[in-house]
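Student: Here it is, the structure, as structure tokens.
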Amino acid sequence: MYSGLGKRLHRALAGLIGIALLVFQSAALAETATLAVAANFTGTMNRLAPLFEQQTGHQLRISYGSTGKLYAQIRHRAPFDAFMAADQERPQLLEQQGLAVAGTGFDYAEGRLALWSRTPDLFTDGTAWLARQPERLAIGNPKTAPYGIAAMEVLQNLGLAQALRPALVSGDSIAQTFQFVATGNAVAGFVALAQTRAWKEEGSLWLVPNDLHTPIRQQAVLLGHGEDNPAARAWMLFLASEPAQAIIREDGYDIPEQPNH
């Protein structure tokens, strides 16, 4: 009897030691990746990051900002391991400049541009409302924010760019642009559809037709600083995975088809 009990205790103890060793090894192998992420993707990252950390044991440090400003920081050797831009241009430039790992870039999302206001029933047809030349219309800075470029293309294609120029309030990033509208400093603004999800059905929303602007293809790339970082490489794989793409889609983005290699 005591012999059988002793054997069971021995097996249980051995199992616990094995689990402890696995936990210890996982902790020892866990790394931290530092990511530069376009501001429009903040809400989605708040969902993706905990899932990634739970699944892999790795940790993430995330800096948000406009794509243009993050690109400038990377050019000046800021220690980022991966870059999640709101365009394709900057990641591709970094590859050409030798600051990103060649062949690692891919489009992780296609953004949807929306005209949004906190005021209910202000508009359903954004074209007609914009034609009435509203005061204080927020857009992202076209020099640094790809969503700002798209917004200017919309106004140009509607023939309203010149008429509305005096009313434009420019945010350094699309996050600041959204804040201008959310705080009432602008009556409405061109923002990422994903940003409006937190407000649920509040306010007025016009989903801008895709044919009014160039597609907002958001590309991620592994940077030279993160080439040998297991956490950074794991993040890039996770970002392209089905579970991550499902969350990205839920938040109001389209998932671009990847070109065949």
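Everything in the sequence shown is counted per the numbering used here, starting at 98 for the first residue and increasing by one. In this text, a Cβ means the ideal position worked out from N, Cα and C, and glycines have one as well.
For residue 166, which residues of its own chain have a beta-carbon under 8 Å away from its beta-carbon, when the five flanking residues on both sides are left out?
Tutor: 241, 269 and 270
Student: So if DSSP puts residue 214 in a beta bridge, which residue, or which two residues, is it bridged to?
Tutor: 301
Student: Within the chosen definition, does the segment 168-179 reach the segment 308-327 through at least 3 CB pairs nearer than 8 Å?
Tutor: yes
Student: Fully enclosed by the segment 230-316, which beta strand (DSSP E) runs are 3 residues long or longer?
Tutor: 234-237, 265-268, 285-289 and 301-304
Student: Go ahead and label residue 346 buried or exposed: buried means 16 or more other beta carbons lie within 10 angstroms of its beta carbon, across all protein chains shown.
Tutor: exposed
Student: Just the Cα atoms here: how many angstroms apart are residue 144 and residue 344?
Tutor: Cα-Cα distance, rounded: 8 Å.
Student: By the DSSP assignment, the alpha helix (DSSP H) with residue 330 in it spans what residues?
Tutor: 327-336
Student: Taking contact to mean at least 3 C-beta pairs separated by less than 8 Å, is the segment 237-252 in contact with the segment 280-296?
Tutor: yes
Student: Please classify residue 359 as buried or exposed, where buried requires at least 16 neighbouring CB atoms within 10 angstroms.
Tutor: The displayed coordinates of the chain run from 98 to 358. Any statement about residue 359 would go beyond what the structure contains.
Student: Nearest CA to the CA of residue 333: which residue from 224, 254, 348 and 317?
Tutor: For the residues 224, 254, 348 and 317, the minimum Cα distance to residue 333 belongs to 317.
Student: From residue 267 to residue 152, what does the alpha carbon distance come to, in whole angstroms?
Tutor: 39 Å
Student: Leaving out five residues before and five after residue 252 in sequence, what residues of the same chain have Cβ atoms less than 7 Å from its Cβ?
Tutor: 258 and 261
Student: Return yes when at least one heavy atom of the ligand SAH lies under 7 Å from the C-beta of residue 339, else no.
Tutor: The ligand SAH is absent from the structure shown, which contains no ligand whatsoever.
Student: In the structure shown, what three-state DSSP assignment does residue 162 receive?
Tutor: strand
Student: Whose C-beta lies closer than 7 Å to the C-beta of residue 122 among residues of the same chain, with five residues either side of it excluded?
Tutor: Here the model assigns residue 122 a pLDDT of 39, short of 50, so the residue's position is not dependable, and the following value carries that caveat. Contacts found: none.
Student: How about residue 211 and residue 303: do their beta carbons lie closer than 8 Å?
Tutor: yes
Student: How long is the line joining the alpha carbons of residue 301 and residue 313, rounded to whole angstroms?
Tutor: 22 Å
Student: Can you tell me where the beta strand (DSSP E) holding residue 201 begins and where it ends?
Tutor: Here residue 201 belongs to no beta strand (DSSP E), and DSSP marks it neither H nor E.
Student: Is it true that the CB of residue 328 sits closer than 8 Å to the CB of residue 129?
Tutor: yes
Student: Here's a check: name, in chain order, each residue in its chain whose Cβ is nearer than 7 Å to the Cβ of residue 231, leaving out the five neighbours to either side.
Tutor: By the criterion of a C-beta distance shorter than 7 Å, residue 231 is surrounded in its chain by 264, 284 and 285, once the five residues flanking it on both sides are discounted.
Student: According to DSSP, simplified to helix, strand and coil, what is residue 194?
Tutor: Three-state result, residue 194: coil.
Student: When you compare only the Cα positions, how much space is there between residue 352 and residue 141?
Tutor: Separation of residue 352 and residue 141 (C-alpha to C-alpha, rounded to the nearest whole angstrom) is 14 Å.
Student: Just to confirm, is the Cβ distance from residue 350 to residue 272 under 8 Å?
Tutor: no
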